[in-house]
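Below you'll find the structure, written out as structure tokens, and then a few comments.
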Amino acid sequence: MAMSDFKPEHFNWRIEEGGVAVISLTRPERKNPITFQSYAELRDTFRKLSEADDVKAVVFGSNGGNFSSGGDVREIIGPLLDRDMKGLLEFTRMTGDLIKAIRACPQPVIAAVDGVCVGAGAMIALASDMRLGAAQAKTAFLFTRVGLAGCDMGACAMLPRVIGQGRAAELLFTGRVMSAEEGERWGFFNRLVAAERLEADAIALARSLTQGPTFAHMMTKTMLAQEWSMTVDQAIEAEAQAQAICMQTQDFRRAYEAFIAKQTPRFAGN
Numbered sequence: 000m001a002m003s004d005f006k007p008e009h010f011n012w013r014i015e016e017g018g019v020a021v022i023s024l025t026r027p028e029r030k031n032p033i034t035f036q037s038y039a040e041l042r043d044t045f046r047k048l049s050e051a052d053d054v055k056a057v058v059f060g061s062n063g064g065n066f067s068s069g070g071d072v073r074e075i076i077g078p079l080l081d082r083d084m085k086g087l088l089e090f091t092r093m094t095g096d097l098i099k100a101i102r103a104c105p106q107p108v109i110a111a112v113d114g115v116c117v118g119a120g121a122m123i124a125l126a127s128d129m130r131l132g133a134a135q136a137k138t139a140f141l142f143t144r145v146g147l148a149g150c151d152m153g154a155c156a157m158l159p160r161v162i163g164q165g166r167a168a169e170l171l172f173t174g175r176v177m178s179a180e181e182g183e184r185w186g187f188f189n190r191l192v193a194a195e196r197l198e199a200d201a202i203a204l205a206r207s208l209t210q211g212p213t214f215a216h217m218m219t220k221t222m223l224a225q226e227w228s229m230t231v232d233q234a235i236e237a238e239a240q241a242q243a244i245c246m247q248t249q250d251f252r253r254a255y256e257a258f259i260a261k262q263t264p265r266f267a268g269n
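In numbering that gives the first Met the number 0, the protein residues as written are 0 to 269.
Here's what the structure looks like:
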């Protein structure tokens, strides 16, 4: 399935040369809030990426100097006050399904975070495989600021694994802002780059991945997720099976033949 003609209604989308899809949220004048509609459309889009043969990597970028201000206060929080328990659970499961879809799509996802990155926006960045940040990035898991628990959209499972239990607990209890410098030092950001280069550097990183063995990248992403719940012995066995599968690909043969010929391998993802 090709997604070159895909035209979403509730977020920006384009495909760059090399099969890099670039996503950003809309309404920069309000720091790119997320609505019921954009939650659902993003979830469905990341699910479709498992069948997209023209998308090899994804960049989730910023827009107008900000990543996202999270769930729209006017369009989401207000209406939620009138929902019953069933309706509330439908919403919270939908938001969690977006995170599941980002983690489950086979393509590497790189978040390019500028400015405000809070609430559900911070969770989208956290769910991405890698994160680049601008010096002015301000990340906050501010659920307690609106009277909710910090355990939203998988935050209590995922954030400690990225930055450590104590640091995650502080951010989730207080809802305070994590500066870009803290984010890099703690491992949330892979690196910080100048704001004017942020998207270009993220696309360059994504494009470098598309030139590699994309089937093997899919397997790497799959195992990074699945091994969270494995013992070390289980993980070693799972990786033995995964690597044996990769050894059946033509990319493995291409790499060998290129090495023998003292050439750079040209991977094709099969």
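Heads up, the beta-carbon is just placed ideally off N, CA and C, and yes, glycines get one too.
Because the structure is a prediction, the values reported are computed rather than measured.
Can you name the start and end residues of the beta strand (DSSP E) that residue i belongs to?
i, result
"Glu16", "Neither: Glu16 is in no beta strand (DSSP E) and is coded neither H nor E."
"Ile109", "Val108 to Val112"
"Arg130", "Met129 to Ala133"
Would you identify the three-state DSSP class for residue i, choosing helix, strand or coil?
i, result
"Thr213", "helix"
"Thr138", "strand"
"Ser207", "helix"
"Val145", "helix"
"Arg116", "Note that residue 116 corresponds to Cys in the displayed sequence, not to Arg. Here Cys116 sits in strand by DSSP."
"Leu80", "coil"
"Ala167", "helix"
"Ala100", "helix"
"Thr230", "coil"
"Cys245", "helix"
"Arg92", "helix"
"Arg184", "helix"
"Phe45", "helix"
"Asp151", "coil"
"Ala39", "helix"
"Gln262", "coil"
"Ala5", "Reading off the sequence shown, one finds Phe at residue 5, where the question assumed Ala. If DSSP states are grouped into helix, strand and coil, Phe5 belongs with coil."
"Gly329", "Given that the chain is displayed from residue 0 to residue 269, the structure contains no residue 329 and the question cannot be resolved."
"Met218", "helix"
"Met0", "coil"
Taking its Cβ as the centre, do 16 or more other Cβ atoms sit within 10 Å of residue i, making it buried, or is it exposed?
i, result
"Asp128", "buried"
"Ser228", "exposed"
"Asp232", "exposed"
"Thr94", "buried"
"Met177", "buried"
"Glu198", "buried"
"Leu87", "exposed"
"Gly163", "exposed"
"Lys261", "exposed"
"Thr44", "buried"
"Val145", "exposed"
"Ser68", "buried"
"Lys85", "exposed"
"Phe188", "buried"
Name the DSSP beta bridge partners of residue i, please?
i, result
"Gly70", "Ile33"
"Phe10", "Leu24"
"Val57", "Ala20 and Val108"
"Asn65", "Asn62"
"Arg190", "Leu131"
"Ser178", "Lys137"
If you follow the alpha helix (DSSP H) that residue i is part of, which residue opens it and which one closes it?
i, result
"Ala194", "Element bounds for Ala194: n/a, residue is neither H nor E."
"Pro159", "Ala154 to Ile162"
"Glu50", "Here Glu50 belongs to no alpha helix (DSSP H), and DSSP marks it neither H nor E."
"Arg252", "Gln249 to Ile259"
For residue i, verify whether its CB is less than 8 Å away from any heavy atom of the ligand NAD.
i, result
"Lys99", "Summarising the ligand content, the structure contains no ligands, and the ligand NAD is consequently not present."
List the whole-angstrom C-beta distance separating residue i from residue j, where the pair is believed to meet the contact cut-off of C-beta under 8 Å.
i, j, result
"Gly149", "Phe140", "6 Å"
"Gly114", "Ser61", "6 Å"
"Phe214", "Ala124", "Not quite, the Cβ-Cβ distance comes to about 26 Å (not below 8 Å), so this is no contact."
"Ala56", "Thr209", "5 Å"
"Ile33", "Gly70", "5 Å"
"Ala179", "Leu170", "At roughly 14 Å, the Cβ-Cβ gap does not stay under 8 Å, so Ala179 and Leu170 are not in contact."
"Gly174", "Thr143", "4 Å"
"Asp52", "Ala1", "7 Å"
"Asp96", "Arg42", "5 Å"
"Glu74", "Phe35", "7 Å"
"Asp54", "Gly18", "The sequence given here places Val at residue 54; Asp does not occur at that position. 6 Å between Cβ atoms; contact."
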